[in-house]
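Written below as C-alpha coordinates is the structure these notes are about.
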Amino acid sequence: MLPFQAASAYEKIVHLLFKKGAKVDIRDVYDLTPLSWAAYHGHSDVAKLLLDHGAENGYKASDLETKGREGRTPLMVAAMHGNVSATKLLLDRGAMVDARCELGATALIRAASSGHDAVVTQLLDRGAKSEAKDTEGATALIKASAEGYHTTVQLLLDRGSDTDFPGPQDRPALVFAASKGHVAVVKLLLDRGAGINVPDKRGNTALLEASRLGHLATASLLLDRGKT
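Residues in the sequence shown are numbered from 1 upward in steps of one, following full-length UniProt numbering.
This is how it looks when you write it as C-alpha coordinates:
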(Lines of atoms letter the chains of each structure in order from A; the text may use other names.)
(Lines give C-alpha, C1' and ligand atoms only; values in the text may rest on other atoms or scores of the structure.)
Protein backbone atom coordinates (compact mmCIF):
# COMPACT_ATOMS: atom_id res chain seq x y z
CA MET A 1 0.00 0.00 0.00
CA LEU A 2 1.07 3.61 -0.51
CA PRO A 3 2.36 5.52 2.49
CA PHE A 4 -0.50 7.43 4.05
CA GLN A 5 1.09 10.80 3.23
CA ALA A 6 1.37 9.94 -0.47
CA ALA A 7 -2.14 8.58 -0.82
CA SER A 8 -5.01 10.39 -2.52
CA ALA A 9 -7.81 11.92 -0.50
CA TYR A 10 -10.04 8.93 -1.29
CA GLU A 11 -7.35 6.49 -0.19
CA LYS A 12 -6.83 8.37 3.06
CA ILE A 13 -10.53 8.18 3.79
CA VAL A 14 -10.50 4.44 3.09
CA HIS A 15 -7.48 4.01 5.38
CA LEU A 16 -9.34 5.82 8.15
CA LEU A 17 -12.48 3.77 7.61
CA PHE A 18 -10.49 0.56 7.84
CA LYS A 19 -9.01 1.72 11.14
CA LYS A 20 -12.57 2.18 12.40
CA GLY A 21 -13.48 -1.36 11.41
CA ALA A 22 -15.25 -0.78 8.09
CA LYS A 23 -15.94 -4.00 6.19
CA VAL A 24 -14.59 -4.33 2.67
CA ASP A 25 -17.54 -6.39 1.39
CA ILE A 26 -20.43 -4.30 2.73
CA ARG A 27 -23.27 -3.55 0.28
CA ASP A 28 -25.27 -0.35 -0.19
CA VAL A 29 -28.90 0.19 -1.23
CA TYR A 30 -27.91 -0.47 -4.86
CA ASP A 31 -26.44 -3.84 -3.82
CA LEU A 32 -22.95 -2.61 -4.73
CA THR A 33 -19.75 -3.19 -2.76
CA PRO A 34 -16.98 -0.58 -2.30
CA LEU A 35 -14.96 -2.44 -4.96
CA SER A 36 -17.75 -2.02 -7.51
CA TRP A 37 -17.98 1.70 -6.75
CA ALA A 38 -14.21 2.08 -7.14
CA ALA A 39 -14.46 0.26 -10.48
CA TYR A 40 -17.40 2.46 -11.52
CA HIS A 41 -15.45 5.68 -10.95
CA GLY A 42 -12.13 4.32 -12.20
CA HIS A 43 -10.37 4.71 -8.85
CA SER A 44 -7.89 1.91 -9.40
CA ASP A 45 -5.71 2.95 -6.44
CA VAL A 46 -8.69 2.67 -4.13
CA ALA A 47 -9.66 -0.64 -5.73
CA LYS A 48 -6.13 -1.93 -5.11
CA LEU A 49 -6.32 -0.79 -1.50
CA LEU A 50 -9.62 -2.58 -1.04
CA LEU A 51 -8.28 -5.77 -2.59
CA ASP A 52 -5.05 -5.67 -0.58
CA HIS A 53 -6.89 -5.02 2.66
CA GLY A 54 -9.36 -7.76 1.89
CA ALA A 55 -6.60 -10.27 1.17
CA GLU A 56 -5.07 -9.48 4.55
CA ASN A 57 -8.38 -9.98 6.30
CA GLY A 58 -9.88 -13.10 4.76
CA TYR A 59 -11.35 -11.54 1.61
CA LYS A 60 -11.44 -14.38 -0.93
CA ALA A 61 -10.42 -14.19 -4.59
CA SER A 62 -13.90 -15.45 -5.48
CA ASP A 63 -15.31 -12.23 -4.03
CA LEU A 64 -14.02 -10.50 -7.17
CA GLU A 65 -17.12 -12.02 -8.72
CA THR A 66 -19.52 -10.52 -6.16
CA LYS A 67 -22.50 -9.35 -8.18
CA GLY A 68 -24.51 -6.20 -7.67
CA ARG A 69 -27.37 -4.66 -9.61
CA GLU A 70 -28.42 -6.83 -12.58
CA GLY A 71 -25.74 -9.31 -11.57
CA ARG A 72 -22.83 -7.10 -12.63
CA THR A 73 -19.37 -7.95 -11.31
CA PRO A 74 -16.79 -5.22 -10.55
CA LEU A 75 -15.07 -6.07 -13.86
CA MET A 76 -18.29 -5.50 -15.79
CA VAL A 77 -18.77 -2.20 -14.00
CA ALA A 78 -15.25 -1.05 -14.85
CA ALA A 79 -15.58 -2.20 -18.47
CA MET A 80 -18.94 -0.58 -19.17
CA HIS A 81 -17.58 2.77 -17.96
CA GLY A 82 -14.34 2.49 -19.93
CA ASN A 83 -12.07 2.48 -16.89
CA VAL A 84 -8.86 1.02 -18.28
CA SER A 85 -6.71 0.95 -15.14
CA ALA A 86 -9.46 -0.56 -12.98
CA THR A 87 -10.14 -3.18 -15.66
CA LYS A 88 -6.47 -4.11 -15.79
CA LEU A 89 -6.22 -4.35 -12.01
CA LEU A 90 -9.25 -6.62 -11.72
CA LEU A 91 -8.01 -8.87 -14.52
CA ASP A 92 -4.57 -9.02 -12.95
CA ARG A 93 -6.16 -10.08 -9.67
CA GLY A 94 -8.03 -12.92 -11.34
CA ALA A 95 -11.46 -11.58 -12.27
CA MET A 96 -13.32 -13.92 -14.63
CA VAL A 97 -13.16 -12.31 -18.05
CA ASP A 98 -16.31 -14.01 -19.42
CA ALA A 99 -18.54 -13.85 -16.33
CA ARG A 100 -22.13 -12.97 -17.20
CA CYS A 101 -24.70 -10.69 -15.61
CA GLU A 102 -28.41 -11.45 -15.30
CA LEU A 103 -28.90 -10.22 -18.87
CA GLY A 104 -26.21 -12.58 -20.11
CA ALA A 105 -23.79 -9.80 -21.02
CA THR A 106 -20.06 -10.18 -20.47
CA ALA A 107 -17.59 -7.40 -19.73
CA LEU A 108 -16.68 -7.40 -23.44
CA ILE A 109 -20.29 -6.90 -24.50
CA ARG A 110 -20.64 -4.08 -21.95
CA ALA A 111 -17.49 -2.33 -23.15
CA ALA A 112 -18.34 -2.71 -26.85
CA SER A 113 -21.86 -1.40 -26.25
CA SER A 114 -20.35 1.89 -25.12
CA GLY A 115 -17.47 2.07 -27.61
CA HIS A 116 -14.66 1.69 -25.07
CA ASP A 117 -11.97 0.48 -27.45
CA ALA A 118 -9.08 0.38 -24.98
CA VAL A 119 -11.06 -1.83 -22.61
CA VAL A 120 -12.27 -4.01 -25.49
CA THR A 121 -8.63 -4.54 -26.46
CA GLN A 122 -7.69 -5.43 -22.89
CA LEU A 123 -10.46 -7.97 -22.59
CA LEU A 124 -9.70 -9.60 -25.93
CA ASP A 125 -6.01 -9.78 -25.00
CA ARG A 126 -7.05 -11.65 -21.84
CA GLY A 127 -9.06 -14.20 -23.79
CA ALA A 128 -12.58 -12.77 -23.79
CA LYS A 129 -14.85 -14.65 -26.19
CA SER A 130 -15.89 -12.32 -29.00
CA GLU A 131 -18.87 -14.49 -29.96
CA ALA A 132 -20.37 -14.60 -26.45
CA LYS A 133 -24.08 -13.69 -26.59
CA ASP A 134 -26.36 -12.02 -24.09
CA THR A 135 -29.80 -13.42 -23.30
CA GLU A 136 -31.24 -11.70 -26.41
CA GLY A 137 -28.55 -13.20 -28.62
CA ALA A 138 -26.46 -10.06 -29.17
CA THR A 139 -22.67 -10.24 -29.41
CA ALA A 140 -20.14 -7.47 -28.83
CA LEU A 141 -19.99 -6.83 -32.60
CA ILE A 142 -23.76 -6.57 -32.89
CA LYS A 143 -23.94 -4.14 -29.96
CA ALA A 144 -21.16 -1.96 -31.34
CA SER A 145 -22.71 -2.00 -34.84
CA ALA A 146 -26.17 -1.08 -33.54
CA GLU A 147 -24.68 1.87 -31.64
CA GLY A 148 -22.55 3.03 -34.57
CA TYR A 149 -19.14 2.68 -32.93
CA HIS A 150 -17.02 2.44 -36.06
CA THR A 151 -13.62 1.97 -34.41
CA THR A 152 -15.01 -0.64 -32.02
CA VAL A 153 -16.53 -2.57 -34.91
CA GLN A 154 -13.23 -2.38 -36.77
CA LEU A 155 -11.35 -3.63 -33.73
CA LEU A 156 -13.70 -6.58 -33.23
CA LEU A 157 -13.51 -7.50 -36.91
CA ASP A 158 -9.71 -7.29 -36.80
CA ARG A 159 -9.81 -9.75 -33.91
CA GLY A 160 -11.94 -12.26 -35.79
CA SER A 161 -15.60 -11.47 -35.07
CA ASP A 162 -18.00 -13.00 -37.61
CA THR A 163 -19.70 -10.32 -39.73
CA ASP A 164 -22.80 -12.43 -40.34
CA PHE A 165 -23.21 -13.92 -36.87
CA PRO A 166 -26.99 -14.13 -36.24
CA GLY A 167 -28.10 -12.00 -33.32
CA PRO A 168 -31.54 -11.30 -31.84
CA GLN A 169 -34.24 -12.50 -34.24
CA ASP A 170 -31.37 -13.89 -36.37
CA ARG A 171 -30.48 -10.30 -37.30
CA PRO A 172 -26.82 -9.81 -38.28
CA ALA A 173 -24.71 -6.75 -37.48
CA LEU A 174 -25.25 -5.26 -40.95
CA VAL A 175 -29.03 -5.13 -40.56
CA PHE A 176 -28.68 -3.54 -37.11
CA ALA A 177 -26.31 -0.88 -38.43
CA ALA A 178 -28.48 -0.19 -41.49
CA SER A 179 -31.63 0.13 -39.39
CA LYS A 180 -29.95 2.91 -37.40
CA GLY A 181 -28.48 4.66 -40.44
CA HIS A 182 -24.87 4.13 -39.38
CA VAL A 183 -23.53 4.43 -42.90
CA ALA A 184 -19.83 4.28 -41.96
CA VAL A 185 -20.36 1.04 -40.04
CA VAL A 186 -22.44 -0.40 -42.89
CA LYS A 187 -19.63 0.39 -45.33
CA LEU A 188 -17.05 -1.19 -43.02
CA LEU A 189 -19.09 -4.37 -42.59
CA LEU A 190 -19.60 -4.65 -46.34
CA ASP A 191 -15.89 -4.09 -46.94
CA ARG A 192 -15.19 -6.95 -44.52
CA GLY A 193 -17.48 -9.34 -46.37
CA ALA A 194 -20.85 -9.03 -44.65
CA GLY A 195 -23.61 -10.59 -46.74
CA ILE A 196 -25.62 -7.73 -48.19
CA ASN A 197 -28.77 -9.82 -48.58
CA VAL A 198 -28.61 -11.82 -45.34
CA PRO A 199 -32.07 -11.41 -43.75
CA ASP A 200 -33.25 -11.55 -40.19
CA LYS A 201 -35.91 -13.95 -38.92
CA ARG A 202 -38.67 -11.82 -40.44
CA GLY A 203 -36.99 -11.60 -43.82
CA ASN A 204 -35.75 -8.03 -43.40
CA THR A 205 -32.47 -7.25 -45.14
CA ALA A 206 -30.21 -4.27 -44.53
CA LEU A 207 -31.66 -2.45 -47.56
CA LEU A 208 -35.25 -3.07 -46.49
CA GLU A 209 -34.57 -1.70 -43.01
CA ALA A 210 -32.63 1.34 -44.22
CA SER A 211 -35.37 2.15 -46.72
CA ARG A 212 -38.24 1.57 -44.30
CA LEU A 213 -36.69 3.85 -41.69
CA GLY A 214 -35.71 6.61 -44.09
CA HIS A 215 -31.92 6.35 -44.00
CA LEU A 216 -31.20 7.67 -47.48
CA ALA A 217 -27.39 7.59 -47.42
CA THR A 218 -27.36 4.05 -46.08
CA ALA A 219 -29.95 2.85 -48.60
CA SER A 220 -28.00 4.47 -51.44
CA LEU A 221 -24.81 2.75 -50.34
CA LEU A 222 -26.53 -0.62 -50.17
CA LEU A 223 -28.09 -0.14 -53.59
CA ASP A 224 -24.71 0.75 -55.09
CA ARG A 225 -23.05 -2.26 -53.47
CA GLY A 226 -25.86 -4.52 -54.62
CA LYS A 227 -25.07 -3.73 -58.24
CA THR A 228 -21.55 -5.13 -58.07
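Where is the CB? At the ideal position from N, CA and C, for every residue including glycine.
- prompt: On the three-state DSSP scale, how would you describe R212?
  reply: Locating residue 212 in the sequence shown gives position 212, where the first residue counts as 1. The answer is helix: DSSP assigns R212 an H, G or I state.
- prompt: Are the Cβ atoms of A210 and L189 separated by less than 7 Å?
  reply: Residue 210 sits at position 210 when you count from the first residue of the sequence shown. Residue 189 sits at position 189 when you count from the first residue of the sequence shown. It is not a contact, given that the beta carbons lie outside the stated cut-off.
- request: Less than 8 Å between the CB atoms is what I'm expecting for V84 and V119, so what's the real figure, rounded?
  value: The residue you call residue 84 lines up with position 84 of the sequence shown. The residue you call residue 119 lines up with position 119 of the sequence shown. Confirmed, Cβ separation roughly 6 Å.
field: Environment of R171 [buried if 16+ CB atoms lie within 10 Å]
entry: For the purposes of this step, residue 171 is taken as residue 171 along the sequence shown, with counting starting at 1. The residue in question, R171, is buried, as its Cβ has 16 or more Cβ neighbours within 10 Å.
query: Between which two residues does the alpha helix (DSSP H) harbouring F18 extend?
result: Here the question's residue 18 lines up with position 18 in the sequence shown. Where F18 is concerned, the enclosing alpha helix (DSSP H) stretches over A9 to K19.
field: Secondary structure of F165, DSSP reduced to three states
entry: Working through the sequence shown from its first residue, we reach residue 165 at position 165. DSSP places F165 in coil when its eight states are reduced to three.
- request: Could you tell me which uninterrupted alpha helix (DSSP H) segments, each at least 4 residues in length, are contained entirely in the region 42 to 114, listed from first to last along the chain?
  value: Within the region 42 to 114, the complete alpha helix (DSSP H) runs of at least 4 residues are 44 to 56, 74 to 80, 84 to 92 and 107 to 113.
- prompt: Rounded to whole angstroms, how far is the Cβ of T73 from the Cβ of G104, which I believe are closer than 8 Å?
  reply: Residue mapping note: residue 73 aligns to position 73 of the sequence shown, counting from 1. Residue mapping note: residue 104 aligns to position 104 of the sequence shown, counting from 1. Contact doesn't hold; Cβ gap of about 13 Å is too wide.
task: Please classify K227: does DSSP put it in a helix, a strand, or coil?
output: As a position in the sequence shown, residue 227 is number 227, starting the count at 1. Coil, per DSSP.
task: Could you check if E11 is buried or exposed, using at least 16 other CB atoms within 10 Å of its CB as the buried criterion?
output: The count along the sequence shown starts at 1 and reaches residue 11 at position 11. It is buried - the Cβ of E11 has at least 16 other Cβ atoms within 10 Å.
field: Straight-line gap, D162 to G148 (C-alpha atoms, nearest Å)
entry: Position 162 of the sequence shown holds residue 162. Position 148 of the sequence shown holds residue 148. Approximately 17 Å between the Cα atoms of the pair.
query: Distance, Cα to Cα, D224 vs V198?
result: Residue mapping note: residue 224 aligns to position 224 of the sequence shown, counting from 1. Residue mapping note: residue 198 aligns to position 198 of the sequence shown, counting from 1. Taking the straight line from one Cα to the other gives about 16 Å.
query: Are K67 and S113 closer than 7 Å when you measure CB to CB?
result: For the purposes of this step, residue 67 is taken as the residue at position 67 of the sequence shown. For the purposes of this step, residue 113 is taken as the residue at position 113 of the sequence shown. Contact flag unset, no.
- prompt: By how many angstroms is the C-alpha of L124 removed from the C-alpha of A140?
  reply: As a working note, residue 140 is residue 140 in the sequence shown. As a working note, residue 124 is residue 124 in the sequence shown. Distance between the alpha carbons of A140 and L124 is about 11 Å.
Beta-carbon proximity list for D164, same chain, < 7 Å, skipping 5 on both sides: Counting from one through the sequence shown, the residue named residue 164 turns up at place 164. Counting only Cβ-Cβ distances below 7 Å, and skipping sequence neighbours, we find P172, A194, G195 and V198.
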